[in-house]
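Everything below concerns the one structure shown next.
Numbering (our numbering), first residue to last: 79 to 603.
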């Protein structure tokens, strides 16, 4: 047998590929049931309002890691204007934080004689963001109904690609990949990168309120997919939102876990599910204000999750006697902000922001223009054009520099590792009693319980000539654990030649006990 053969040996009769996901799902479902049972006890508007405050405070502090951003001037600049007949499109750059430039398009109806309702449009994961045809069309429906619309680029998309290389005129990474690569760097500081997306959106509201054409008390928000996430974050945290429409994102954790699909870093909020919070809890703080949940029947966000969340939310609006302010609508389509949904969104915002009930028919005249026509910058990218521009990685690194207390870091790590662990007997197993040979080593396979119903696995390799002696053991912790033995053959031989044994560990989720592959499907659009 070779080390390569040893890499593929089964850790035993247990279904170790399923154990970690099963463990997490069971714990999550128990926490969600606890939260749901508590919400079912809320019978008065006073009880609901107390719960709304609890959600908001807990989410900001325990899930996002705080929202203590500087109150800095926006320093907006209009870099161009497009005349579209009945409305104009202004190209705007503002600073959400010092030197953090946000590129936006402001759709402005002509003939405004007094402040009117406005909508903040937050983009999903299309790399072109506010220039994407799908999003342009939604904004055009809204502006033609007399609403001011601000559509802005998030980090890693549109004109805000952090890893754009000007000399090559291409991006090294963008959208989901950039969000994950950068966003995960927030986790060791008990923060979620969602806080940066949320703060940019809040500054978008600040900008709308600064415009004389906008009634600052009548601002709504919408967006689909990743923009749906940002929409719900904003409704949860920002009390200024008058009406909201999350699109093709709203679901339930219970339904979403069944898909086995992934989530971007900004979709992960520390402690959220452990505290018993569900997707519905991101919308409940809006009650009794108007909310319309929009979705598609064939989305990869399961329709069952959307329907369950809508049913749960409707009960809360009913407590306030405002059941008519909560709606759900779906289109028979896949993951998209379709024209059908855009028309429904327009009717809803016109009614609740401008007090005008309209029926919007499909208008073939509503079409997108070239992305480059909407650029706020000359090149189409902030990176390389504004030398002192800052991006999310810069922001996270600055926060790192202010969090270098090693003692606190160790205390935090210990707390996270041991939190909610269910202790149990280790029950060590040796999988094969006789020592086996592989490439001149003798090896033994072991399993043991790290916590209830979760097993770890490891392979002990020792020099043949010392197979019956007690010798020092080196613990090897590699990214791929026991499935990467051949790649570390030189290390193993060197240590064994020096009279040591090497114990290669598969910690939870690694190596031969790594869960089955995530169902990527078409979820990373």
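Each residue gets a CB set at the ideal place from its N, CA and C atoms; glycine is no exception.
Would you kindly report the start and end of the unbroken alpha helix (DSSP H) that includes residue 570?
567-575
Helix, strand or coil for residue 95? Go by DSSP, reduced to three states.
helix
Is the Cβ-Cβ distance between residue 303 and residue 327 less than 7 Å?
yes
Taking only runs of the alpha helix (DSSP H) that begin and end inside the segment 412-449, which ones reach a length of at least 4 residues, in chain order?
417-432
According to DSSP, is residue 302 helix, strand or coil?
strand
Thinking just about the alpha-carbon of each residue, which of 563, 397, 463 and 476 is nearest to the one in residue 129?
397
Can you check which of these residues, 363, 341, 583 and 547, is closest to residue 391 by C-alpha distance?
363
The beta strand (DSSP E) spanning residue 390 covers which residue range?
Counting along the chain, residue 390 falls outside any beta strand (DSSP E), though it belongs to the alpha helix (DSSP H) covering 381-397.
Please classify residue 290 as buried or exposed, where buried requires at least 16 other C-beta atoms within 10 Å of its C-beta.
exposed
Within the same chain, show all residues whose beta-carbon is closer than 6 Å to that of residue 449, passing over the 5 residues directly before and after it, in chain order.
206 and 209
Count the other C-beta atoms from every protein chain shown that fall within 10 angstroms of the C-beta of residue 526, then say buried if there are 16 or more, exposed otherwise.
exposed
Given 8 Å as the limit, is there contact between the segment 430-450 and the segment 237-246, that is, 3 or more CB pairs closer than that?
no
When DSSP labels each residue in this structure, what does residue 287 get in the three-state scheme?
helix
Look at the alpha carbon of residue 369 and the alpha carbon of residue 95, and state the distance between them as a whole number of angstroms.
41 Å
Do you know how far the Cα of residue 329 is from the Cα of residue 641?
Outside the shown range of the chain (79 to 603) lies residue 641, about which nothing can therefore be said.
Buried or exposed: which applies to residue 496, given that a residue is buried once 16 or more other Cβ atoms fall within 10 Å of its Cβ?
exposed
Below 7 Å between beta carbons: does that hold for residue 225 and residue 195?
yes
With a Cβ-Cβ cutoff of 7 Å, do residue 342 and residue 254 count as a contact?
yes
Taking the straight line between their C-alpha atoms, what separation do you get for residue 546 and residue 81?
21 Å
Here's the rule: buried if 16 or more other CB atoms are within 10 angstroms of the residue's CB, otherwise exposed. What is residue 534?
buried
Who pairs with residue 159 in a beta bridge, going by DSSP?
168
Counting only beta-carbon atoms, is residue 465 nearer than 7 Å to chain B?
Reference to chain B is not applicable here, since this structure consists of a single protein chain.
Please identify the residue among 271, 507 and 180 whose C-alpha is closest to the C-alpha of residue 144.
271
Write down every uninterrupted run of the beta strand (DSSP E) in the segment 522-592 whose length is 3 residues or greater and which is fully enclosed by it, in chain order.
532-541, 551-554 and 579-584
I need the boundaries of the beta strand (DSSP E) containing residue 332, first residue and last residue.
Run containing residue 332: none in the beta strand (DSSP E); it sits in the alpha helix (DSSP H), 331-337.
Proximity winner among 586, 579, 88 and 107, relative to residue 334 (alpha-carbon distances)
107
I'd like to know whether the C-beta atoms of residue 159 and residue 168 end up nearer to each other than 7 Å.
yes
So the candidates are 180, 435 and 164; which of them puts its Cα closest to the Cα of residue 23?
The requested residue 23 does not occur in the structure, where the chain is confined to residues 79 to 603.
Cα-Cα, which of 563, 309, 256 and 316 is closest to residue 604?
The question about residue 604 has no answer, for the chain in this structure spans 79 to 603.
Does DSSP classify residue 496 as helix, strand or coil?
helix
Looking only at C-alpha atoms, which of 374, 383, 348 and 283 sits nearest to residue 332?
383
Could you tell me which of 211, 405 and 86 sits nearest to residue 445, measuring between CA atoms?
211
Assumed close pair residue 185, residue 221 - CB separation to whole angstroms, cut-off 8 Å
4 Å
So, is residue 501 buried or exposed, given that buried needs 16 or more other C-beta atoms within 10 angstroms?
exposed
Can you give me the Cβ contacts of residue 103 inside the same chain, cut-off strictly under 6 Å, excluding the 5 residues immediately before and after it?
335
Restricting to Cα atoms, I'd like to know which of 394, 223 and 586 is closest to residue 402.
394
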